[in-house]
Structure formats: C-alpha cells, structure tokens
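Colleague: I am attaching a structure below and will ask some questions about it afterwards.
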Amino acid sequence: MVEVAAERGKQLSSRVSEEGAGWACAQTGTFAQLRPDKRGFSWLNPRTLWRSRNEVLAGLFGDPSGQVRARWVESQKARGIDPEFRIKPPVEGNFSFLLLGDTGEGDASQYAVVPGMLKMGEQTSFAIIASDVIYPTGSGNEYGDKFFRPYKDYDAPIYAIPGNHDWYDGLGGFMRVFCDAPPLKPKPDRGLRGLLWRRPETIDEARLAEARSMRGKPTQQATQPGPYWVIESDDLLVVGVDTGIRNVIDRDQTAWLRRVSRDPRPKILVTGKPIYTANAYKPSPLEEGGTIDDIVRDPAHRYVAAIGGDVHNYQRYPVKVGDRVIQYVVTGGGGAFMHATHTIRRVDVGGVHEDDFRCYPLRGDSLSFYSQLYAKRLRMKWLYLTPAEAACIMSEQIRNEPVRTPQGPVTVTRRMRWAARLLGAWPWPLRLPVDRVFHRYLSELSDWDTPPFFKQFLHVTVTPRELTLRCFGATGCLAQELDPPLEDEVRISLA
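Under the UniProt record's numbering, the first residue of the sequence shown carries the number 1, and numbering increases by one thereafter.
In structure tokens, the structure reads:
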C-alpha cells in the first residue's frame, strides 16, 4: 500500500506542481473537523512568554536539565525499569514506523498532519515524536488536545523524546504521560535562577485520565523507560537522546549512548536538535567533551542516519564520512509553525553538494508564502511574489535550475529582488523577521488556519537489508489528504 501511494505521491508533490504544494486548494481538508475548538496559544500573550522564561534563564544562569534528568533516571531505576532503557516492540522481519517532530501546538497546523499520517501509518508498528511534544511549556495538563486527541485514531504505540519546550515544565508532564512516572520531590535551587525558575505544574490526574481514554485501546499502550531510550529490532536500533534545554548531553546519558552504540546492529539516531541545519553544522556537545556526532561517525557504531527535530521544516544532508554516507535529517514539520527554508544559502556544508540537498517546503514556496503573509499584514502589495516568481528568484540566488519548472515565462524585476531581500532571500542587514524571531514574537499576527501549511512527517520502512525513509507533505488541502505527496525518498543499505 505504501509503495503504491509513494509512487503516486511523487507525481503529486510540490516538486512537480503548484497544486501539489497546496497553492491551488480547491477544498480544505477534513482536519478542520478534528479540532476541538478554534483556539490556540499566543506567543504575543505576556503570560505565555513568562511561562516560557526557563529558556532565557538557562542561557543566563546555566541549564539544570542534566541534574534534573539524573534525578528522573534515578527515580525510574528505583521503580525497576530496564537500566539500559530498552524498548522491545513486537516486530519481526519487515516493519515500518512513523516519525514526527515538534507537534504540539494543538492548532490547525498540527491537526492538518493527522489525516495523511493516519492513512500512511495504517500498517506501521509504532510512531515516534522527536522534540517538543507540547507547546509552550510541556504542561501535563495540556496533553488532551495536543497529544491524545489528535492521535486518538492511530492504533499503535507512540514513543517520544523531549524537546526544550517539554523541559520548561521540568519534564514533569512528559515523564508522567510517557513513562508513568510520579512527580519528583521538590529540590531547592538557590540563587537568582532558583528564585525566577518556573516550577512544574501540578497535574490534574482526573483530567489526564480522561485524556488518556482517547488512546485507550490495548494496541495503543506503551510505557517507555525514560527521556532517552533505544528501540530494538532484529535489524535496526532506533536510539533516542534527550538534549534538554540548551542542547548538552550529560555524562550518564553519554555513557549509556556509548554502550548502546557498541551493539553491532545498524542504527538511527533520533535527537531533539538536528546536527546539520540551514547549511550549518551544530552537533550537540557532550558534557565530558567532544560532540554527539563523534559517536555517530565512528564506523564501528554503524549509524546510517541522524534525525532531529526543533527546526520546523524538512531538510536532508547526505554527508560522506569515510567510505559511507550518513543521512542527516531535520524533521520538525509535524505541527508547529513553519520555519523558513528560503533563508538557507547554497548548500556546501559537510561536503554536501546543493544538488544532493533536499528541503520542504521548497525555497521558492517558502519565499512566496512569507511574501503573501507580509503583503497582507503590512498592506504592502508590492511585497507579494507568486510561487513562480519566488522560484525563479531563489534559482537566481542559489544558482541552480528551479526544482519545479515555472508555468509560463517569468521576468525577474527590480521590485521582486527588493521584496526578496527584505524577506531574507539575500544576505541583507535590513529584513523582515521570517524565522525564529518571527515564531516567538510575531506568528500570531497572521492567520495560520488557512492552507497551505507545508507540514510533513516521515514514514520509515525497515527490511533486513534496507531502510527506506520517505517524507510526506501535509498542506491542509483535501487533495493532499487523500493522496499525501511524497516530497523526498532515500533508500539506505543496512547490509
């Protein structure tokens, strides 16, 4: 079923047509009926920013995630969990699973992913959420509409690794939901950080029990051992690591990761922070020195891919390491607000050639989307670039052929170039915010309930000799719900 859908999806993707990108949305998808209400959270709300203050405090006064994680791990071991943090789902021979990143805003863009995910995930053995299960602060009281409700019809278990937003609650909500862990006893933190630090919320157990009932089938049940883990099968290990708030791997987790990595089976790393993103190399540092990529690149460890969330789009970098290629993937388009791709310069990081790099949304679609957004909100019609115009401008900037052939001739004008500069397509000191600053402070100025959303999820198929990784798009349009577009596919040898 997936093979047939993938072949059809190649011809329906954004790489082939504007319709495939969701620009010609004849009918909004059924996701609109899945949402419990029209409300979301607002980054412009002072209360939301204050609740999210631990990110800033961790940068100013140090990140306590490592010490708190050690307490969670000690507590779990005292409860009798497997000290090697192994998960052994009942899979034999060929199997498949889903992988989503940065899901939990609870709004239209999250629910827009659900219909395609359910369709492509019918025969999968489990799903993984990589980073930021719940926005804005990981509260255990917000899992109902941001986790249990959207995935209530997915009949297999869901495992997760936390993102920085899940840590703003001290990981209390995450550990209660995924590990069935009781809360930690409060431990005073002296100094200014301790005075200002946001404490975990008390979980309303009756409310959580009601939320859990939405995923109450026996086939959906699973309890993972901790915030990091390894999923074992005969032919592949999926190794999930917890990067905390500030992206540092503590000593105990590093020691565990080294032990797991010595297993002779091929492996995928799943991490809260991507190692390659936006044409830059950003491996998570190890508390003891070195980086997580030192472990990934060791040929004895047999890692074939490293997949990270946190950045809200899709990117893939096939990096040659010695005599093999490791696929470094960003998959953060599972529900949260989209981060721009048109700001990614011509790719050359890690020796990756631009022609071998993949991203979704396409740079031209990203530029056109933001131009439309700002033209509407600032009432500056001259900023708007059609998808064809934006594709040609990005081709001129990146110095390659447009990924999608424009429909009809396009003449790039001075007006278009100025609009592209202001929107960040060129290095330019004066530009409108289109990336993380936009996400944090300005996203609520725009209506994100209207397609195209440019969301995505991964479908991974495993056989004894090969792993196939596919990226499917989710636009919010009915056409792409019925036939999810295949935006990227790579086959990786496990022999």
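Glycine included, C-beta positions come from ideal geometry on N, C-alpha and C. Just so we're clear, the structure is a prediction, and the values are computed from it rather than from any experiment.
Less than 7 Å between the beta carbons of Gly-240 and Pro-200, yes or no?
Modeller: For the purposes of this step, residue 240 is taken as the residue at position 240 of the sequence shown. For the purposes of this step, residue 200 is taken as the residue at position 200 of the sequence shown. Not a contact, by the Cβ cut-off of 7 Å.
Colleague: Within a Cβ cutoff of 6 Å, which residues of the same chain sit near Asn-94, ignoring the five residues on either side of it in sequence?
Modeller: Here residue 94 refers to the residue found at position 94 of the sequence shown. These residues qualify, in order along the chain: Thr-463.
Colleague: In whole angstroms, what is the alpha-carbon distance linking Glu-142 and Ala-6?
Modeller: On the sequence shown, residue 142 is found 142 positions in, with the first residue counted as 1. On the sequence shown, residue 6 is found 6 positions in, with the first residue counted as 1. Whole-angstrom Cα-Cα distance: 34 Å.
Colleague: So Gln-110 and Pro-150 are supposed to be a Cβ contact under 8 Å. How far apart are they, rounded?
Modeller: Counted from its first residue, the sequence shown places residue 110 at position 110. Counted from its first residue, the sequence shown places residue 150 at position 150. With 8 Å as the limit, Gln-110 and Pro-150 qualify as a contact, their Cβ atoms being about 6 Å apart.
Colleague: Can you tell me whether DSSP reads Leu-312 as helix, strand or coil?
Modeller: Position 312 of the sequence shown, counted from the first residue, corresponds to residue 312. It should be pointed out that residue 312 corresponds to His in this sequence rather than to Leu. Three-state DSSP puts His-312 in coil, outside helix and strand.
Colleague: State the CB to CB distance for the pair Val-330 and Val-311, rounded to an integer number of angstroms; the pair is presumed to be in contact (CB under 8 Å).
Modeller: As a position in the sequence shown, residue 330 is number 330, starting the count at 1. As a position in the sequence shown, residue 311 is number 311, starting the count at 1. Confirmed, Cβ separation roughly 5 Å.
Colleague: Just checking my contact of Gly-272 with Ala-130 at CB under 8 Å: how many whole Å lie between their CB atoms?
Modeller: The residue labelled residue 272 in the question sits at position 272 within the sequence shown. The residue labelled residue 130 in the question sits at position 130 within the sequence shown. The Cβ separation is near 7 Å, so the contact holds.
Colleague: With DSSP as the reference, please indicate the residues paired to Ala-474 in a beta bridge.
Modeller: On the sequence shown, position 474 is the one that residue 474 refers to. DSSP lists Lys-455 as partners of Ala-474.
Colleague: On the criterion of 16 or more Cβ atoms from any shown chain inside 10 Å, does Gln-123 qualify as buried, or is it exposed?
Modeller: For this step, residue 123 is matched to residue 123 along the sequence shown. Gln-123 is exposed by the Cβ-count criterion.
Colleague: Using CA atoms only, rank isn't needed, just tell me which of Trp-418, Tyr-168 and His-342 is closest to Val-56.
Modeller: Here residue 56 corresponds to residue number 56 of the sequence shown, with the count starting at 1. It is Tyr-168.
Colleague: With DSSP as the reference, label Glu-7 as helix, strand or coil.
Modeller: Mapped onto the sequence shown, residue 7 falls at position 7. Of the three classes helix, strand and coil, the one that applies to Glu-7 here is helix, per DSSP.
Colleague: Use the C-beta contact count for Val-4: other C-beta atoms within 10 angstroms, 16 or more gives buried, fewer gives exposed.
Modeller: Working through the sequence shown from its first residue, we reach residue 4 at position 4. Counting Cβ neighbours within 10 Å, Val-4 comes out exposed, since fewer than 16 surround it.
Colleague: So does the segment 113-128 actually touch the segment 189-196, counting three or more Cβ pairs closer than 8 Å?
Modeller: The segment 113-128 vs the segment 189-196: no contact.
Colleague: With a Cβ-Cβ cutoff of 7 Å, do Ser-371 and Leu-383 count as a contact?
Modeller: Numbered from its first residue, the sequence shown carries residue 371 at position 371. Numbered from its first residue, the sequence shown carries residue 383 at position 383. Yes, they are a contact pair.
Colleague: Only counting runs of 3 or more residues, tell me where the beta strand (DSSP E) segments fall wholly within the segment 122-198, in order along the chain.
Modeller: Here the runs fully enclosed are 126-130 and 158-161.
Colleague: Have a look at Pro-157 and Leu-98 and give me their C-alpha separation to the nearest angstrom.
Modeller: Position 157 of the sequence shown, counting from 1, holds the residue named residue 157. Position 98 of the sequence shown, counting from 1, holds the residue named residue 98. So the two alpha carbons sit approximately 11 Å from each other.
Colleague: Under the rule that 16 or more other beta-carbon atoms within 10 Å means buried, what is Glu-288, buried or exposed?
Modeller: In the sequence shown, counting from the first residue as 1, residue 288 sits at position 288. Glu-288 is exposed by the Cβ-count criterion.
Colleague: Can you grab the Cα-Cα spacing for the pair Asn-54 / Glu-481, in whole Å?
Modeller: For the purposes of this step, residue 54 is taken as the residue at position 54 of the sequence shown. For the purposes of this step, residue 481 is taken as the residue at position 481 of the sequence shown. Rounded to whole angstroms, Asn-54 to Glu-481 spans 37 Å at the Cα level.
Colleague: Report yes if the C-beta distance between Arg-363 and Thr-386 is below 7 Å; otherwise report no.
Modeller: Here residue 363 corresponds to residue number 363 of the sequence shown, with the count starting at 1. Here residue 386 corresponds to residue number 386 of the sequence shown, with the count starting at 1. Cβ atoms of Arg-363 and Thr-386: not closer than 7 Å.
Colleague: On the criterion of 16 or more Cβ atoms from any shown chain inside 10 Å, does Tyr-441 qualify as buried, or is it exposed?
Modeller: Indexing the sequence shown from 1 puts residue 441 at position 441. Reliability of the predicted coordinates at Tyr-441 is poor, the pLDDT of 47 falling under 50, and no value is obtained from them.
Colleague: Find the nearest neighbour of Arg-417 within the set Lys-282, Pro-433, Val-403 and Ala-390, judged by alpha-carbon distance.
Modeller: On the sequence shown, residue 417 is found 417 positions in, with the first residue counted as 1. Measuring from the Cα of Arg-417, the nearest candidate turns out to be Ala-390.
Colleague: Looking at the strands, I want to know which residues DSSP matches up with Glu-466.
Modeller: Here residue 466 corresponds to residue number 466 of the sequence shown, with the count starting at 1. The partner list for Glu-466 (beta bridge, DSSP) reads Ser-493.
Colleague: Thinking C-alpha only, which one of Arg-35, Gly-408 and Glu-401 is nearest Gly-104?
Modeller: For this step, residue 104 is matched to residue 104 along the sequence shown. Ranking the options by Cα distance to Gly-104, first place goes to Arg-35.
Colleague: What first and last residue would you give for the beta strand (DSSP E) that runs through Ile-295?
Modeller: On the sequence shown, position 295 is the one that residue 295 refers to. Where Ile-295 is concerned, there is no enclosing beta strand (DSSP E), although the alpha helix (DSSP H) it sits in stretches over 292-297.
Colleague: With a threshold of 16 other CB atoms inside 10 Å of the CB of Thr-411, please say whether the residue is buried or exposed.
Modeller: Counting from one through the sequence shown, the residue named residue 411 turns up at place 411. Classification of Thr-411: exposed, given that the 10 Å Cβ count is below 16.
Colleague: DSSP state of Cys-392, grouped into three classes?
Modeller: As a position in the sequence shown, residue 392 is number 392, starting the count at 1. Cys-392: helix per DSSP, three-state reduction.
Colleague: Three Cβ pairs or more, each shorter than 8 Å: is that satisfied between the segment 423-433 and the segment 390-410?
Modeller: Yes, the segment 423-433 touches the segment 390-410.
Colleague: With distances taken between CB atoms, is the gap from Gly-333 to Lys-455 smaller than 7 Å?
Modeller: For this step, residue 333 is matched to residue 333 along the sequence shown. For this step, residue 455 is matched to residue 455 along the sequence shown. Yes, Cβ-Cβ distance for Gly-333 and Lys-455 is below 7 Å.
Colleague: Any idea if Glu-18 is buried or exposed, counting beta-carbon neighbours within 10 angstroms, 16 or more meaning buried?
Modeller: Start at 1 with the first residue of the sequence shown, and residue 18 comes out as number 18. Flag for Glu-18 reads buried.
Colleague: Can the beta-carbon of Asp-204 be found closer than 7 Å to that of Pro-227?
Modeller: On the sequence shown, residue 204 is found 204 positions in, with the first residue counted as 1. On the sequence shown, residue 227 is found 227 positions in, with the first residue counted as 1. Not in contact: Asp-204 and Pro-227 (Cβ atoms no closer than 7 Å).
Colleague: Compare the C-alpha of Arg-465 against each of Val-270, Ile-231, Asp-323 and Pro-266 and name the closest.
Modeller: Here residue 465 corresponds to residue number 465 of the sequence shown, with the count starting at 1. The shortest Cα separation from Arg-465 among Val-270, Ile-231, Asp-323 and Pro-266 belongs to Pro-266.
Colleague: Which class does Ser-261 belong to by DSSP, given the choice of helix, strand or coil?
Modeller: Taking the first residue of the sequence shown as position 1, residue 261 is located at position 261. Ser-261 falls in the helix class under three-state DSSP.
Colleague: I need the DSSP call for Ala-479, collapsed to helix, strand or coil.
Modeller: Counted from its first residue, the sequence shown places residue 479 at position 479. Looking at Ala-479 - three-state DSSP - the assignment turns out to be helix.
Colleague: Please determine if the segment 57-77 and the segment 242-255 are in contact, where contact requires at least 3 C-beta pairs separated by less than 8 Å.
Modeller: As far as the Cβ criterion goes, the segment 57-77 touches the segment 242-255, which means the pair count is three or higher.
Colleague: Have a look at Glu-84, Ile-344, Asp-102 and Lys-217 and flag the residue whose alpha-carbon is nearest the alpha-carbon of Ile-231.
Modeller: Reading the sequence shown from its first residue, position 231 is the one you call residue 231. For Ile-231, the nearest C-alpha among the options comes from Glu-84.
Colleague: For Ser-493, does the count of other Cβ atoms within 10 angstroms reach 16, so buried, or fall short, so exposed?
Modeller: In the sequence shown, residue 493 corresponds to position 493, counting from 1. The residue in question, Ser-493, is exposed, as its Cβ has fewer than 16 Cβ neighbours within 10 Å.
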